[in-house]
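Student: What follows is a structure written as structure tokens; I'll ask about it next.
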Amino acid sequence: MATDGLWLLILRKGQAFVPTMAQTEAGFYVGVDPVEVVDLSDWKGVEDALFRAVSRGNPIIPTPTRDAFPEPVLLKYAKVKSLSTFERSAETWQLSKREGAYLLAPYLPQEHGGAEQDPDRTEAVPADMPLAEIIHRLVERAIRSATV
């Protein structure tokens, strides 16, 4: 079973993007390769991609400096040039594990860009539930609510 961590499922234009989420030495997370891209009509493929990402865990990487902060890894997979373009047409869901529970959390876009967790739709799931079941629950919620 996965240790504490954070993983993302991003839905955009009929595709699911599942990046590997690395944790910097400073403690924040950034998306890195490998990134899996799966057609949203392939629910099982989306679940499998997210399961593989969780199984990879969150590699620890050096904290990038402001001057050397890498371009968001998702841009090349989505074939867009800016994060704002990507975010305007994307829905993000977060799976995190902390203190004996998983949290399934959709993100709400913010008026001036970016997004934050929607506390009203965040669901806590006991960590003793099988990971495959937790992932199935998240993917089902995400795809059923998708507007992208």
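Numbered per my numbering, the sequence shown spans residues 25 to 172.
We put the beta carbon where it would ideally sit given N, CA and C, even for glycine.
(1) State the CB to CB distance for the pair Asp72 and Val97, rounded to an integer number of angstroms; the pair is presumed to be in contact (CB under 8 Å).
(2) What residue from Pro154, Gly138, Leu119 has the CA that sits closest to Asp28's CA?
(3) What are the residues that DSSP puts in a beta bridge with Thr44?
(4) Where does Lys103 fall in DSSP's three states?
(5) If Leu74 sits next to Gln39, beta carbons under 8 Å apart, how far is it from one beta carbon to the other, in whole angstroms?
(6) Could you tell me the alpha carbon to alpha carbon distance between Ser79 and Asp144, rounded to whole angstroms?
(7) Looking only at its chain, what residues have a beta carbon closer than 8 Å to the beta carbon of Val149, apart from the 5 residues adjacent to it on each side?
(8) State yes or no: is the C-beta of Val61 within less than 7 Å of the C-beta of Tyr101?
Tutor: So, from the data block:
(1) As a first step, residue 72 is located in the sequence shown; it is residue number 48 there, counting from the start. As a first step, residue 97 is located in the sequence shown; it is residue number 73 there, counting from the start. Their Cβ separation, rounded to whole angstroms, is 20 Å, which puts Asp72 and Val97 out of contact at 8 Å.
(2) Here residue 28 refers to the residue found at position 4 when the sequence shown is read from its first residue. Of the listed residues, the one whose Cα sits closest to Asp28 is Leu119.
(3) Start at 1 with the first residue of the sequence shown, and residue 44 comes out as number 20. Beta-bridge annotation (DSSP): Thr44 is paired with Val56.
(4) Within the sequence shown, numbered from 1, the residue matching residue 103 stands at position 79. In the structure shown, Lys103 sits in coil (DSSP, three-state: anything other than H, G, I, E or B).
(5) Counting from 1 along the sequence shown, the entry for residue 74 is found at position 50. Counting from 1 along the sequence shown, the entry for residue 39 is found at position 15. Contact flag wrong, Cβ pair sits at about 14 Å.
(6) Residue numbering aside, residue 79 sits at position 55 when the sequence shown is read from its first letter. Residue numbering aside, residue 144 sits at position 120 when the sequence shown is read from its first letter. Rounded to whole angstroms, Ser79 to Asp144 spans 28 Å at the Cα level.
(7) Against the sequence shown, residue 149 aligns to sequence position 125. Around Val149: Ala125, Tyr126, Leu127, Leu128, Ile158, Arg161.
(8) Here residue 61 refers to the residue found at position 37 when the sequence shown is read from its first residue. Here residue 101 refers to the residue found at position 77 when the sequence shown is read from its first residue. Closer than 7 Å, so yes.
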